[in-house]
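Chemist: Quick one: structure below, then a few questions.
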Amino acid sequence: MTSVHIVGMGLAGALASWELLKRGAHVTAWDDATGDTSSNVAAGMITPITGQRLKPTWRGQELMEQASRTYEDIERHYGVVLRRDWRLRRVFRDAAMHDWFRRRFDGGEFDDYGVTEIHPGECDGVGYPYGGMKHGNVVTIDIPTLVRAVRTSVAWTSDPGPTSAIVDCTGYRALNDPLWSWLPIEPSKGEILDVAIPGLGLDEILTNGTWILPIGDDRYRIGATHDWDDHDPQPTEQARLYLLESAQRMVSQEIIVTGHRAALRPSTKFKRPLVGRHPHDHRHYTLNGLGTKGALQGPFAAAQLAACILDGVEPDDEINISRWHQ
């Protein structure tokens, strides 16, 4: 039996463990992270259309199908609920965003996503000065529940003894490891607010770049910021004010802050995961760089990692770490 030790048990480590376990490997794991991590703070949102230019996400349909299978399998195996399906309403921030929408909508790029246009004005109590759009195929994944479930299947130890492979899933902390410091990880600080908004009655995700996510009983989460320069994982007043102001542009009800959290994401500028075997120390592997799209890209990356370790198959060229080693 192949024995694999996972270092780092956030989303990346949990998904890597799951893929290896289901293929019969013996998995041990260890994580010495303290405080809030990106896996604890993240909303776990999967959406097929992202960004100012409303671009369909990279390999969206393929990755969505794989992610759905993976999360459904984990739910069945552990008897937990991870997925929730949503519709999302997007408020365009400016005329340029509306122009991108028209270009992509008229060009058929949104045909698979059930997109409908929201014309300028007010809709369901929300103002759309430049119009907006609405679509389904949006999912949130309960990442903390996923991590807790998978942890029950691995042997928890900092000293696994002889193993066939050691997998680094430590996120931005890998930059402090000489073995992995060359990876193109660029930490991105994200902050979110836990809030109450009495009387809003929102049952869809609402976003203008800042999203408002219902969690029940007039409670919501508002997020998230993206700061490439501040690497102190502590909440800031600047981010709190920014999120509140952005959310208040969409809703008129009073927003009452009940919590404020921050963490550093293991982001990359090219928005792809990082997967593969170390070019010199062939017992060491990594799965990293999940960034803001981890819930979508993580299952694909984890399956690629398992095939690399167990079958000797090189990961997909677009995520293979070999392209980054000098």
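For the sequence shown, position 299 (counting from the first letter as 1) is numbered 299 according to this note's numbering, and the numbering increases by one without interruption. All C-beta atoms in this analysis are idealised placements derived from N, C-alpha and C, irrespective of residue type, glycine included.
Restricting to Cα atoms, I'd like to know which of 170, 163 and 290 is closest to residue 309.
Modeler: Counting from 1 along the sequence shown, the entry for residue 309 is found at position 309. The shortest Cα separation from residue 309 among 170, 163 and 290 belongs to 163.
Chemist: Kindly list the residues whose CB is nearer than 6 Å to the CB of residue 138, restricted to its own chain and excluding five residues on each side of it in sequence; keep chain order.
Modeler: Counted from its first residue, the sequence shown places residue 138 at position 138. Correct list, in chain order: 47, 86 and 88.
Chemist: What's the gap between the Cα of residue 153 and the Cα of residue 29?
Modeler: Taking the sequence shown and counting its residues from 1, the one referred to as residue 153 is at position 153. Taking the sequence shown and counting its residues from 1, the one referred to as residue 29 is at position 29. If I take the Cα positions, the gap works out to 10 Å.
Chemist: According to DSSP, residue 7 sits in a beta bridge with which residue or residues?
Modeler: Walking along the sequence shown from the start, residue 7 turns up at place 7. In the DSSP output, where bridge partners are listed per residue, residue 7 has 30 and 168.
Chemist: Rounded to the nearest angstrom, what separates residue 232 and residue 16 at their Cα positions?
Modeler: Against the sequence shown, residue 232 aligns to sequence position 232. Against the sequence shown, residue 16 aligns to sequence position 16. Roughly 27 Å between the two C-alpha positions.
Chemist: Under 8 Å by Cβ, that's how I've got residue 94 and residue 130 pegged, so tell me the actual separation to the nearest angstrom.
Modeler: Mapped onto the sequence shown, residue 94 falls at position 94. Mapped onto the sequence shown, residue 130 falls at position 130. Contact holds; Cβ gap of about 6 Å.
Chemist: For residue 237, report the span of its alpha helix (DSSP H) as first-last.
Modeler: As a position in the sequence shown, residue 237 is number 237, starting the count at 1. Looking at the DSSP string, the run of the alpha helix (DSSP H) that includes residue 237 is 237-248.
Chemist: Please return the same chain residues whose Cβ sits closer than 8 Å to the Cβ of residue 320, not counting the five positions on each side in sequence.
Modeler: Translated into positions along the sequence shown, residue 320 becomes position 320. These residues qualify, in order along the chain: 275, 276 and 314.
Chemist: What does the Cβ neighbour count give for residue 132, buried or exposed, with the cut at 16 atoms within 10 Å?
Modeler: Residue numbering aside, residue 132 sits at position 132 when the sequence shown is read from its first letter. Looking at its Cβ environment, which holds 16 or more other Cβ atoms inside 10 Å, residue 132 is buried.
Chemist: On the three-state DSSP scale, how would you describe residue 150?
Modeler: Start at 1 with the first residue of the sequence shown, and residue 150 comes out as number 150. Reduced to three states, the DSSP call for residue 150 is helix.
Chemist: List, from N- to C-terminal side, the alpha helix (DSSP H) runs of 4 residues or more that fit wholly inside the region 192-277.
Modeler: Taking only runs of at least 4 residues, the alpha helix (DSSP H) segments lying wholly in the region 192-277 are 237-248.
Chemist: What is the rounded straight-line gap between the Cα of residue 151 and the Cα of residue 246?
Modeler: Taking the sequence shown and counting its residues from 1, the one referred to as residue 151 is at position 151. Taking the sequence shown and counting its residues from 1, the one referred to as residue 246 is at position 246. Looking at the two C-alpha atoms, the distance is approximately 37 Å.
Chemist: Since residue 14 and residue 146 should fall inside the 8 Å C-beta cutoff, what is the C-beta to C-beta distance between them, to a whole number of angstroms?
Modeler: Taking the first residue of the sequence shown as position 1, residue 14 is located at position 14. Taking the first residue of the sequence shown as position 1, residue 146 is located at position 146. Indeed, because the Cβ distance is near 6 Å, the residues count as touching under 8 Å.
Chemist: Under 6 Å Cβ to Cβ from residue 208, same chain only, skipping five residues before and after it: list those, please.
Modeler: Along the sequence shown, one-based indexing puts residue 208 at 208. Excluding sequence neighbours, residue 208 sits near 91, 93 and 250.
Chemist: Name, in chain order, the residues that DSSP records as bridge partners for residue 59.
Modeler: Start at 1 with the first residue of the sequence shown, and residue 59 comes out as number 59. DSSP output for residue 59 lists no bridge partner at all.
Chemist: Can you tell me the Cα-Cα spacing of residue 221 and residue 214, whole angstroms?
Modeler: As a working note, residue 221 is residue 221 in the sequence shown. As a working note, residue 214 is residue 214 in the sequence shown. About 7 Å.
Chemist: State the DSSP-derived secondary structure class of residue 292, mapped to helix, strand or coil.
Modeler: Along the sequence shown, one-based indexing puts residue 292 at 292. Of the three classes helix, strand and coil, the one that applies to residue 292 here is helix, per DSSP.
Chemist: So, for residue 254: in the same chain, excluding its five sequence neighbours on each side, which residues have a beta-carbon less than 8 Å away from its beta-carbon?
Modeler: Along the sequence shown, one-based indexing puts residue 254 at 254. If we look at residue 254 and ignore the five residues flanking it on each side, its Cβ neighbours are 197 and 198.
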